[in-house]
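Below: one structure, written as structure tokens.
There are 2 protein chains.
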Amino acid sequence: MSRTTVSLVLNNVRDIKISPATRQKVMDAAERLGYVPNAAARALVSQRAQIIGLLLSRKSHHISTDAFINPIMQGLLDVFRQHDMCLLIDIVDPDHTKEAYIQLARAKRIDGILFSGPRLDDEALKLLEVDGFPTVLIGQLPGTKLCVVDIDNCAAAKSAVAHLIRLGHRQIACITNAQLTYSAAVERLRGYQCALEEAGIAYDPALVRFGDFTIESGYEQMRNLLAGQTKFTAAFVASDTLALGARAALSEQGLAVPQDVALVGFDDLPFARYMDPPLTTVHLPVSDLAHRASEMMIALLSGDHVPCDRVILDTELIIRESCGASHTSTVMKRKEEKEGERIFRNNL
Amino acid sequence: MSRTTVSLVLNNVRDIKISPATRQKVMDAAERLGYVPNAAARALVSQRAQIIGLLLSRKSHHISTDAFINPIMQGLLDVFRQHDMCLLIDIVDPDHTKEAYIQLARAKRIDGILFSGPRLDDEALKLLEVDGFPTVLIGQLPGTKLCVVDIDNCAAAKSAVAHLIRLGHRQIACITNAQLTYSAAVERLRGYQCALEEAGIAYDPALVRFGDFTIESGYEQMRNLLAGQTKFTAAFVASDTLALGARAALSEQGLAVPQDVALVGFDDLPFARYMDPPLTTVHLPVSDLAHRASEMMIALLSGDHVPCDRVILDTELIIRESCGASHTSTVMKRKEEKEGERIFRNNL
DNA sequence: TATGATAACTAACACGTGTTACTAAATCGC
DNA sequence: GCGATTTAGTAACACGTGTTAGTTATCATA
Chain A
2 MSRTTVSLVL NNVRDIKISP ATRQKVMDAA ERLGYVPNAA ARALVSQRAQ
52 IIGLLLSRKS HHISTDAFIN PIMQGLLDVF RQHDMCLLID IVDPDHTKEA
102 YIQLARAKRI DGILFSGPRL DDEALKLLEV DGFPTVLIGQ LPGTKLCVVD
152 IDNCAAAKSA VAHLIRLGHR QIACITNAQL TYSAAVERLR GYQCALEEAG
202 IAYDPALVRF GDFTIESGYE QMRNLLAGQT KFTAAFVASD TLALGARAAL
252 SEQGLAVPQD VALVGFDDLP FARYMDPPLT TVHLPVSDLA HRASEMMIAL
302 LSGDHVPCDR VILDTELIIR ESCGASHTST VMKRKEEKEG ERIFRNNL
Chain B
2 MSRTTVSLVL NNVRDIKISP ATRQKVMDAA ERLGYVPNAA ARALVSQRAQ
52 IIGLLLSRKS HHISTDAFIN PIMQGLLDVF RQHDMCLLID IVDPDHTKEA
102 YIQLARAKRI DGILFSGPRL DDEALKLLEV DGFPTVLIGQ LPGTKLCVVD
152 IDNCAAAKSA VAHLIRLGHR QIACITNAQL TYSAAVERLR GYQCALEEAG
202 IAYDPALVRF GDFTIESGYE QMRNLLAGQT KFTAAFVASD TLALGARAAL
252 SEQGLAVPQD VALVGFDDLP FARYMDPPLT TVHLPVSDLA HRASEMMIAL
302 LSGDHVPCDR VILDTELIIR ESCGASHTST VMKRKEEKEG ERIFRNNL
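Quick mapping for you: the protein sequence lines, in order, are chains A and B. Number 24 in the working numbering belongs to position 23 of the first sequence; there are no gaps in the numbering. Number 27 in the working numbering belongs to position 26 of the second sequence; there are no gaps in the numbering.
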């Protein structure tokens with residue numbers, strides 16, 4: 002019984018004639034010995050590592066509180082499992098070696114890259130495009146030909162702020178989710194500006210602050226806003242994580258939400274509905290994003306024609322109580338939330 | 002100029018004579034071509050994949066809200082980066098193929114396994130032990146010889162509950178962080194029981210509920226407790242994530258924290274200090290856990306003698322306001338938190 | 001100049017698999 | 001009974017690297 006026979010049997014190669022007896026003998030032996038083909042040898046000959054890299058483009062210390070990562074990972078693994086793919090994770094921190102992830106690609110340690118949260122100033126990303134390395138962006142990047150799976154951050158943010166305007170607010174503060182090197186932060190800020198403009202409200206930089214992914218930054222920036230001269234009756238915080246910190250800063254100053262300051266978040270993280278008051282926020286279809294991204298990657302790798310290289314998923318404005326638009330009684334509010342929540346689809 | 006010369010130069014092999022001119026020529030060419038040695042070929046010949054697997058032992062849908070994972074990943078990557086190691090992530094869900102992760106090991110796709118949150122009924126783990134595969138548990142497992150990095154869940158839980166007792170509470174409810182198939186859940190429950198026992202309080206199963214990692218389960222189980230006949234004035238929720246849900250259930254019923262029900266959590270997740278009121282909780286040195294675990298793995302792989310195969314890190318009870326022991330004014334509370342927080346070291 | 005030592009480089013093997021081309025045995029058609 | 005076809009199995013190469021042993025050129029020494 003040769004090595005070849007074993008390979009043929011274990012890989013279940015079609016249209017090949019192996020007697021059932023031999024086949025069974027091979028299976029038995031493999032089972033008995035706990036034999037599993039060596040991944041490196043297999044990768045070497047097949048030119049496929051069967052590993053996809055998920056690259057998180059943000060500072061290392063921002064990973065801890067990033068609630069976006071987990072559902073993405075879960076979604077990816079769900080799909081990968083069905084294709085015998087593995088998931089490798091790495092951080093792309095501008096403070097580290099710039100081309101670290103390019104090396105992963107060139108060494109063929111990974112077959113493809115899912116790139117989350119691209120930065121506008123990431124030069125290495127362009128290298129990937131030149132190399133023609135299979136890449137899917139989770140998030141957008143102006144002027145790239147790479148595959149993209151994302152939401153319309155601008156439209157989503159606009160709908161959130163428009164909602165506040167609809168409720169009568171004119172002085173609306175904004176805290177971005179991150180610095181403007183991150184494309185999502187730029188887009189969400191732009192949505193804020195668009196909503197103001199459409200309502201004929203002048204954009205006032207004194208009401209805008211820049212966060213950096215963390216709860217702390219939400220807290221600090223809200224304190225900063227409150228310490229400023231310009232008054233506001235509502236705030237759009239472009240990340241639920243930061244909204245949590247912002248709310249803490251508000252109640253620390255004795256300000257009630259939504260009575261004194263109406264609050265709207267972004268992301269609809271799991272805790273948003275359990276905040277006090279429950280947070281009005283933009284729902285991000287994180288799970289869908291992950292599924293679409295991973296399926297696009299699989300298609301890219303299998304050489305199939307990729308039908309659409311630009312997927313923009315719908316978001317929804319989930320209206321809870323932090324914006325002051327909900328009027329269900331406090332006691333029963335959460336019980337009826339599913340019915341009580343009003344949803345505005347942003348991309349119809 | 003042969004392939005061998007290139008290999009020698011690029012790997013910076015010591016005690017080998019290569020003329021500076023040749024050396025430079027090699028470096029230049031590599032730079033120009035963007036050459037990076039093929040990982041699979043390297044792994045095949047060196048018998049090292051340079052990849053460590055982080056295995057998350059919990060149900061797939063519990064990954065989303067598990068705030069423990071991110072800081073662990075961050076800590077691991079910090080250490081791995083210095084050793085040219087990569088991080089591969091996978092979920093060990095009892096509903097999937099049991100031996101999926103054993104295959105990763107046998108295929109030598111990964112050099113070692115960091116196993117987070119071992120379940121008592123995981124049979125495959127014993128296989129790893131038999132195989133002698135480099136493994137470090139993050140969390141404990143009775144009767145294993147594997148390396149362990151963990152905290153003393155029992156002592157930590159005990160100190161939290163003892164604190165409530167010290168404040169005068171006698172009817173103390175408990176919601177576990179997970180089902181009792183997870184060793185950490187068992188230990189935390191045991192800590193709760195020990196504290197009661199030492200104070201001469203009878204253990205009442207009517208005051209105990211079992212969570213499952215999610216905010217929802219905290220919410221549901223607290224509602225369940227409140228709907229029960231047995232009254233309580235305090236609750237120990239063995240996970241901050243669940244505590245968030247529990248607090249929502251309390252305020253939904255018009256119960257104030259800590260006036261009506263004192264609350265103590267576990268984990269000291271980033272949001273704990275920003276809850277309203279700030280959550281008294283047990284601080285888990287997550288970052289340390291990750292560092293110690295990864296360093297232990299590196300030592301294991303380098304064949305060094307591993308000095309200690311069982312590292313138990315200290316926890317601290319962080320006293321904020323949800324337990325009713327803090328008396329700083331509400332307005333200034335967070336500002337003075339760092340000084341105002343009282344800390345009890347659990348393992349001296 | 002002959003001898004040995006050293007510097008600089010290379011040919012050849014090993015790693016464990018997938019795959020192709022080939023051989024031997026068995027079966028079939030007439 | 002004999003060539004043609006099908007069935008079952010194998011030898012040999014390729015994948016891209018690290019490494020060992022070996023081969024020239026260069027140079028110092030007696």
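The beta carbon of each residue, even a glycine, is placed where N, CA and C say it ideally should be.
Span separating the alpha-carbon of residue i from that of residue j
| i | j | result |
| --- | --- | --- |
| A108 of chain B | R59 of chain B | 23 Å |
| G246 of chain B | R224 of chain B | 10 Å |
| Q141 of chain A | V37 of chain B | 28 Å |
| V238 of chain B | G118 of chain B | 18 Å |
| R33 of chain A | A186 of chain B | 36 Å |
| D96 of chain A | V27 of chain B | 28 Å |
| F191 of chain A | T215 of chain A | Here residue 191 of chain A turns out to be Arg, not Phe, going by the sequence shown. Computed Cα separation, rounded: 21 Å. |
| K232 of chain B | V265 of chain A | 37 Å |
| D123 of chain B | A257 of chain A | 49 Å |
| R110 of chain A | I19 of chain A | 34 Å |
| Y102 of chain B | L88 of chain A | 13 Å |
| K146 of chain B | A40 of chain A | 28 Å |
| A68 of chain B | A291 of chain B | 14 Å |
| V14 of chain B | I139 of chain B | 36 Å |
| K336 of chain B | M276 of chain A | Caution is warranted here: a pLDDT of 39 is assigned to K336 of chain B, below 50, making its placement in the model unreliable, and no coordinate value can be reported. |
| V46 of chain B | I52 of chain B | 15 Å |
| T316 of chain B | V283 of chain B | 7 Å |
| C148 of chain B | F116 of chain B | 10 Å |
| E130 of chain B | P279 of chain A | 47 Å |
| L126 of chain A | G212 of chain A | 24 Å |
Exposure label - residue i; buried when at least 16 CB within 10 Å
| i | result |
| --- | --- |
| S65 of chain B | buried |
| H328 of chain B | With a pLDDT of 47 at H328 of chain B, under the threshold of 50, the modelled position of this residue cannot be trusted; read the value that follows with caution. Exposed, by the Cβ-count rule. |
| R4 of chain A | exposed |
| S323 of chain A | buried |
| K159 of chain A | buried |
| E198 of chain B | exposed |
| I70 of chain A | buried |
| R210 of chain A | buried |
| E253 of chain B | buried |
For residue i: DSSP bridge partner residues
| i | result |
| --- | --- |
| S117 of chain B | B:L57, B:I139 |
| A174 of chain A | A:A236 |
| Y183 of chain A | A:R120 |
| H63 of chain B | H63 of chain B is not bridged to any residue. |
| T199 of chain A | Going by the sequence as given, residue 199 of chain A is Glu instead of Thr. BP columns for E199 of chain A are empty, so no partner. |
| F211 of chain A | A:T177 |
| T281 of chain A | A:V265 |
| C87 of chain B | B:I52 |
| I111 of chain A | Paired residue(s): none; I111 of chain A is not in a bridge. |
| D151 of chain B | B:I313 |
Cβ of residue i within 9 Å of any chain B Cβ
| i | result |
| --- | --- |
| P206 of chain A | no |
| I319 of chain A | no |
| A50 of chain A | yes |
| T389 of chain A | As displayed, chain A neither begins before 2 nor continues past 349, which places residue 389 of chain A out of reach and without an answer. |
Cutoff 9 Å: residue i Cβ touching any chain A Cβ
| i | result |
| --- | --- |
| I103 of chain B | yes |
| Y220 of chain B | yes |
| R43 of chain B | yes |
| I139 of chain B | no |
Note down, in chain order, all residues in the segment 234-263 of chain A with a beta-carbon under 9 Å from any beta-carbon belonging to chain B.
-> T242, L245, G246, R248, A249, A250, S252, E253, Q254, G255
Compile a chain-ordered list of the residues in the segment 86-98 of chain B whose CB is closer than 8 Å to at least one CB of chain A.
-> C87, L88, L89, I90, D91, I92, H97
Just by C-beta distance, which residues in the segment 29-41 of chain B are closer than 9 Å to chain A?
-> G35, Y36, V37, P38, N39, A40, A41
Selection of the segment 60-87 of chain B by Cβ proximity to chain A, strictly under 8 Å | Answer in chain order: S61, H62, I64, S65, T66, D67, A68, I70, N71, P72, M74, Q75, L78, D79, R82, C87.
Residues in the segment 105-135 of chain B with C-beta within 7 Å of chain A's C-beta atoms, listed in sequence order?
-> R107, A108, K109, R110
Got a sec: which bits of the segment 270-298 of chain B sit with their beta carbon under 7 Å from any beta carbon on chain A, in order along the chain?
-> P271, F272, Y275, D277
Using Cβ-Cβ distances below 8 Å, what residues of the segment 179-205 of chain A are close to chain B?
-> none
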